[in-house]
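Residue numbers (the numbering used here), protein chains in the order written: chain Z, 1 to 350; chain A, 1 to 350.
2 protein chains.
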Amino acid sequence: MRLKAKRANQHVTIREVAQAVGASVSTISAALNNSDYVSAKMRSRIEGAIRQLRYRPNDLARGLRLQKTHSIAIVVPDLSNNFYIEVVRGAKDYSASANYTVLIGDSRESWEEERNYLDSFHRRRVDGVLRIPAIDALGGKASAVLGNLPVVYADRHPLARDSYVGRVGVDNHKAADTATRYLLSLGHRKIAIITGDASTGTSVDRLHGFFSAMRSAKIRPDRSLIHTGHNDMESGHFHAMQLLTGGQRPTAIFCTNNLMALGALAAVQEVGLACPEEISLLGFDDFYWATLLRPRLTVVRQPAREVGMIAARMLIDHIEGRPSIATPALLPTKLIVRDSCSPPKKAQVR
Amino acid sequence: MRLKAKRANQHVTIREVAQAVGASVSTISAALNNSDYVSAKMRSRIEGAIRQLRYRPNDLARGLRLQKTHSIAIVVPDLSNNFYIEVVRGAKDYSASANYTVLIGDSRESWEEERNYLDSFHRRRVDGVLRIPAIDALGGKASAVLGNLPVVYADRHPLARDSYVGRVGVDNHKAADTATRYLLSLGHRKIAIITGDASTGTSVDRLHGFFSAMRSAKIRPDRSLIHTGHNDMESGHFHAMQLLTGGQRPTAIFCTNNLMALGALAAVQEVGLACPEEISLLGFDDFYWATLLRPRLTVVRQPAREVGMIAARMLIDHIEGRPSIATPALLPTKLIVRDSCSPPKKAQVR
DNA sequence: TTGCTTTCCCGAAACGTTTTGGTGTCACGA
DNA sequence: TCGTGACACCAAAACGTTTCGGGAAAGCAA
């Protein structure tokens with residue numbers, strides 16, 4: 001009849017399943033959410049019909065009725081940065097184990113893009129958002145588009161007092177402190193740092209860790225050796241070039257982000273300096289292909305996967321009204337010593 | 001009253017907007033989809049209320065009613081491979097310009113994972129799927145979970161006769177042919193190839209391109225120099241090790257995938273051979289950090305972004321019932337000559 | 001005045017689920 | 001025989017939209 005013709009190549013609904021087995025819609029639903037009373041015989045007939053008709057529940061209708069989608073969103077600033085991929089995968093794996101699906105957004109370090117994603121996810125009525133904000137996203141804006149959706153921050157976190165239910169990252173202060181102390185222990189005194197944008201707590205913490213290590217060695221850091229980049233390769237390259245070709249060339253450069261470390265390495269290669277003999281390089285975050293580089297980069301490794309997992313756990317615990325682990329959760333980092341750092345050449349140490 | 005209390009911290013609905021401006025729900029809807037007759041005054045009052053109440057339309061309800069979500073899904077085999085990120089970004093950018101959102105899936109080369117994603121996207125009622133199948137996903141399976149959702153394949157495509165509305169990639173035969181001819185022109189005769197799984201048309205085409213170039217040089221390829229890997233670094237490393245330490249060491253290795261090229265490079269470094277002097281290496285796909293490697297890799301570059309854009313265009317054209325460009329769309333590749341290939345040492349050429 | 005457009009708005013149905021509050025049947029004990 | 005649970009199922013309402021068929025009011029021509 002008409003109705004049948006109308007949905008010729010449309011999706012099959014629960015109603016058609018009901019018709020096929022001669023039962024009511026509510027019985028099918030009960031069988032699907034295997035609850036309530038439904039006899040074994042009926043259940044198997046229903047399962048048969050479902051298989052035969054290739055029925056797939058409509059999550060739009062389900063979410064609408066349930067006022068819950070069993071899904072969370074994660075938006076990261078740069079999918080081409082492997083660190084974030086690992087965070088995403090950690091979040092995905094934990095979520096899957098908790099029966100949540102995750103929607104992925106890639107803001108490319110642009111608040112504009114990020115806002116679009118957040119808005120889109122909000123309209124899709126995800127149950128919560130896991131956010132690594134873009135650097136140009138100043139605090140407080142997210143709640144304007146997300147309403148009172150629960151948010152947990154991973155890796156970066158806003159300085160402004162935006163409301164969120166949790167935050168997970170690494171102990172950035174300690175990580176930078178340890179890394180800097182390592183350079184100091186090699187004999188470096190003129191140590192430069194290329195750090196990220198000062199609007200994220202992450203960068204600020206790393207910078208402070210650097211300062212604290214320098215202070216402990218009674219060195220007052222030279223302001224010209226402190227550069228603020230944009231967490232991408234170009235800006236790492238740019239600032240390293242400034243440092244390497246300026247009058248006050250440092251003996252070591254500490255980059256607080258993996259892409260900037262790569263940019264710095266490119267600059268070193270371009271200027272033709274020997275690394276680590278003439279310039280030591282210390283980076284952040286490991287790559288799966290980091291050992292292919294020459295020299296192999298010494299880096300501070302963050303447990304990216306765990307950050308994603310813990311963040312997802314915090315978020316989902318909150319969504320389900322369960323108490324969760326303490327926030328902020330600060331995970332430990334590890335200094336991976338490879339070939340890009342060595343003691344400075346004698347001539348360089350006054 | 002009760003209703004109000006119930007939705008204390010829930011989402012605001014179109015009904016509440018209607019109440020706020022003293023209009024009917026249908027009028028708000030008309031204003032939102034700026035169509036029909038709605039007076040300028042009413043429109044501005046509605047806009048005011050929407051802003052004030054922070055109303056966000058519910059895309060679940062919208063999609064349910066419209067039987068259309070204005071979204072597509074893209075599932076790729078490995079998000080940590082930059083090639084796919086570029087494809088995703090291309091697809092995303094085109095889709096955004098056509099007012100579609102895109103949902104991203106990362107199958108990690110596992111059909112199991114891919115099926116989960118496809119199923120989840122299907123239940124979300126995306127309007128179409130852009131698929132780069134996992135290598136262990138044999139043909140024909142996708143339609144079982146996707147029903148008659150339109151699918152377009154990008155990059156890889158199944159050999160089995162699965163139904164799809166389009167396919168876009170590069171001219172793999174020609175790309176491999178050109179690359180191989182380049183090695184031949186340098187004087188190589190013992191050329192090895194590490195190719196991808198034979199179940200994808202892509203790998204088969206590349207292998208055939210290799211054969212055709214070899215044939216044109218009247219060389220019958222040595223079977224022991226033909227290896228089939230898994231498109232990841234480990235397998236590139238493994239097969240390169242076999243080739244480099246075996247009795248029949250080639251003078252050049254052609255890897256038909258970027259990750260396998262990296263693995264091969266690692267193997268070369270490990271064995272301690274000089275590249276390109278003792279062994280030439282030719283890869284597929286470019287990385288943004290490819291120039292940081294030593295030697296800098298010579299590769300076949302694919303227009304990844306364009307692949308994503310064209311694929312999205314094909315899919316969306318189909319969804320909207322528009323005629324689209326011819327399928328399969330085969331885009332040109334480009335050989336990027338850098339430092340990893342050189343003429344073989346005299347001693348090696350018998 | 002009447003009749004006819006045009007303009008602006010509204011009520012209700014529908015999309016595909018889940019859930020609530022039933023109803024009918026059967027077995028069983030009194 | 002009746003009452004009472006236990007069991008198996010069902011009808012209808014609700015979730016938040018869009019769209020369809022009106023319909024009131026106003027303007028205008030006759």
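A virtual CB, placed ideally from N, CA and C, is assigned to each residue, including glycine.
Since this is a predicted model, take the numbers as computed values, not measurements.
Quick check: the Cα distance between residue i and residue j, rounded to an integer number of angstroms?
{"i": "Y182/A", "j": "A213/A", "result": "9 Å"}
{"i": "V374/A", "j": "G90/Z", "result": "As displayed, chain A neither begins before 1 nor continues past 350, which places residue 374/A out of reach and without an answer."}
{"i": "P227/A", "j": "Q269/A", "result": "One point to set straight first is that residue 227/A is His, not Pro, in the sequence displayed. Cα to Cα, H227/A sits roughly 20 Å from Q269/A."}
{"i": "I50/A", "j": "S26/A", "result": "15 Å"}
{"i": "L259/Z", "j": "E109/A", "result": "26 Å"}
{"i": "R189/A", "j": "D285/A", "result": "24 Å"}
{"i": "V21/A", "j": "L32/A", "result": "14 Å"}
{"i": "R206/A", "j": "A175/A", "result": "7 Å"}
{"i": "I104/Z", "j": "R124/Z", "result": "13 Å"}
{"i": "E113/A", "j": "D106/A", "result": "8 Å"}
{"i": "T245/A", "j": "R223/A", "result": "16 Å"}
{"i": "P332/Z", "j": "Q67/Z", "result": "38 Å"}
{"i": "V102/Z", "j": "S71/Z", "result": "6 Å"}
{"i": "P158/A", "j": "T327/Z", "result": "47 Å"}
{"i": "H239/A", "j": "Q10/Z", "result": "47 Å"}
{"i": "A137/Z", "j": "S163/Z", "result": "15 Å"}
{"i": "I194/A", "j": "R45/Z", "result": "50 Å"}
{"i": "Q19/A", "j": "P57/A", "result": "16 Å"}
{"i": "I202/A", "j": "N172/A", "result": "The identity of residue 202/A in the sequence shown is Thr, whereas the question assumes Ile. So the two alpha carbons sit approximately 6 Å from each other."}
Beta-carbon of residue i versus every beta-carbon of chain A: anything under 9 Å?
{"i": "L207/Z", "result": "no"}
{"i": "A5/Z", "result": "Residue placement at A5/Z cannot be trusted, given a pLDDT of 36 that sits under 50; the coordinates are not used to answer."}
{"i": "G169/Z", "result": "no"}
{"i": "K218/Z", "result": "no"}
{"i": "A144/Z", "result": "yes"}
{"i": "Q302/Z", "result": "no"}
{"i": "A61/Z", "result": "yes"}
{"i": "T333/Z", "result": "no"}
{"i": "D162/Z", "result": "no"}
{"i": "G147/Z", "result": "yes"}
{"i": "N116/Z", "result": "yes"}
{"i": "R338/Z", "result": "no"}
Give a yes or no on whether the minimum CB-CB distance between residue i and chain Z is below 9 Å.
{"i": "E86/A", "result": "yes"}
{"i": "G308/A", "result": "no"}
{"i": "P57/A", "result": "yes"}
{"i": "I253/A", "result": "no"}
{"i": "L244/A", "result": "no"}
{"i": "H400/A", "result": "Only positions 1 to 350 of chain A appear in the structure, and residue 400/A is not among them; the question remains open."}
{"i": "T69/A", "result": "yes"}
{"i": "K92/A", "result": "yes"}
{"i": "Q269/A", "result": "yes"}
List, in order along the chain, the chain A residues whose C-beta lies closer than 8 Å to that of residue i?
{"i": "Y288/Z", "result": "S80, M233"}
{"i": "R322/Z", "result": "The premise fails here: R322/Z is roughly 18 Å from chain A at the closest Cβ pair, so nothing lies under 8 Å."}
{"i": "R125/Z", "result": "H11, N58, D59, L60"}
Between which two residues does the beta strand (DSSP E) containing residue i stretch?
{"i": "V170/A", "result": "166-170"}
{"i": "R62/A", "result": "Where R62/A is concerned, there is no enclosing beta strand (DSSP E), although the alpha helix (DSSP H) it sits in stretches over 59-66."}
{"i": "D106/A", "result": "101-106"}
{"i": "A304/A", "result": "That residue, A304/A, is in no beta strand (DSSP E); its alpha helix (DSSP H) goes 304-319."}
Can you list the residues of chain Z that residue i reaches, using a CB-CB cut of under 7 Å?
{"i": "S120/A", "result": "T101"}
{"i": "R51/A", "result": "Ordered by position in chain Z, no residue passes the 7 Å Cβ test against R51/A, which lies about 11 Å from the chain."}
Name the two residues that bound the continuous alpha helix (DSSP H) containing residue i.
{"i": "D205/Z", "result": "201-216"}
{"i": "A96/Z", "result": "82-97"}
{"i": "K123/A", "result": "Lys is not the amino acid found at residue 123/A; the sequence shown has Arg there. Element bounds for R123/A: 111-123."}
{"i": "A18/A", "result": "14-21"}
{"i": "R426/A", "result": "Nothing about residue 426/A can be read from this structure; chain A reaches only from 1 to 350."}
{"i": "K141/A", "result": "141-146"}
Check the C-beta distance from residue i over to residue j and give it rounded, since I have them as a contact under 8 Å.
{"i": "T200/A", "j": "R249/A", "result": "About 28 Å; that fails the 8 Å criterion."}
{"i": "Y288/Z", "j": "M42/A", "result": "Contact flag wrong, Cβ pair sits at about 58 Å."}
{"i": "L186/A", "j": "C341/A", "result": "6 Å"}
{"i": "A264/A", "j": "C255/A", "result": "5 Å"}
{"i": "G147/Z", "j": "R54/A", "result": "6 Å"}
{"i": "S252/Z", "j": "S280/Z", "result": "Checking the displayed sequence, the identity of residue 252/Z turns out to be Ala instead of Ser. With 8 Å as the limit, A252/Z and S280/Z qualify as a contact, their Cβ atoms being about 4 Å apart."}
Give me the chain A residues within the contact set of residue i, using Cβ-Cβ distance strictly less than 7 Å, ordered along the chain.
{"i": "R294/Z", "result": "R294"}
{"i": "I104/Z", "result": "I104"}
Mind pulling the chain Z residues with CB within less than 9 Å of residue i?
{"i": "A266/A", "result": "W289, T291, L292"}
{"i": "R54/A", "result": "A144, V145, G147"}
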